[in-house]
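Trainee: Right, I'll just put the structure down here and ask away after.
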Amino acid sequence: MVEATPRRRKVEWHSGELYPRVGFIVTNMARRAESVVGFYNKRGTCEQYIKEGKGAIKWTRLSCRSFTANAARLQLHAPAYNLGNFLRTLATPEPIKEWSLTTLKEKLIKIGAKVVGHARYVAFQMARSPFRETCSRTSCG
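Read in order, the letters of the sequence shown correspond to residues 1 to 141 in our numbering.
Written out as structure tokens, the structure reads:
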């Protein structure tokens, strides 16, 4: 006779919502319910990062014929993704910290700018962009 495995339920209540979100996790993990839900939430976050890398960095686009060339391309995509995350989380003003890498790439990196070097500083003369308008409204600097 097969023993019944205890089932885990996940109920989330978000403020402002009328009904709670109920989900079921079927697992064979022998842990407490809170740790099982935490594990699966982290897994979902990791899958979001993978999806973001596929969309913004295009790291699944390995079109070379040889394995070593594709491996080299993938190894170049990983630092590009990390650099994009660094730029987004640590080096950007507060209003744009929550942008996705795709939005950051389209609105910030793909804009025209002229670099003007002076004796004491370097200035970027940017064309009109949503980033510049966002920063001027929120005094990003």
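Cβ atoms here follow ideal geometry from the backbone N, Cα and C, with glycine treated the same way.
Treat the numbers as computed from the prediction; the structure is a model and nothing was measured.
Under three-state DSSP, which class holds Glu-12?
Mentor: Working through the sequence shown from its first residue, we reach residue 12 at position 12. In this structure, Glu-12 counts as strand in the three-state DSSP scheme.
Trainee: Going along the chain, which unbroken runs of the alpha helix (DSSP H) with 4 or more residues stay wholly within the segment 79-115?
Mentor: You should have 101-104.
Trainee: Please state the DSSP three-state secondary structure of Val-26.
Mentor: Along the sequence shown, read from residue 1 onward, the residue named residue 26 stands at position 26. In this structure, Val-26 counts as coil in the three-state DSSP scheme.
Trainee: Check this for me: beta carbons of Ala-56 and Lys-105, under 8 Å apart or not?
Mentor: Locating residue 56 in the sequence shown gives position 56, where the first residue counts as 1. Locating residue 105 in the sequence shown gives position 105, where the first residue counts as 1. In this structure, Lys-105 lies closer than 8 Å to Ala-56 by Cβ.
Trainee: Pick helix, strand or coil for Arg-159, following the three-state DSSP scheme.
Mentor: This structure cannot settle anything about residue 159, because the visible part of the chain is limited to 1 through 141.
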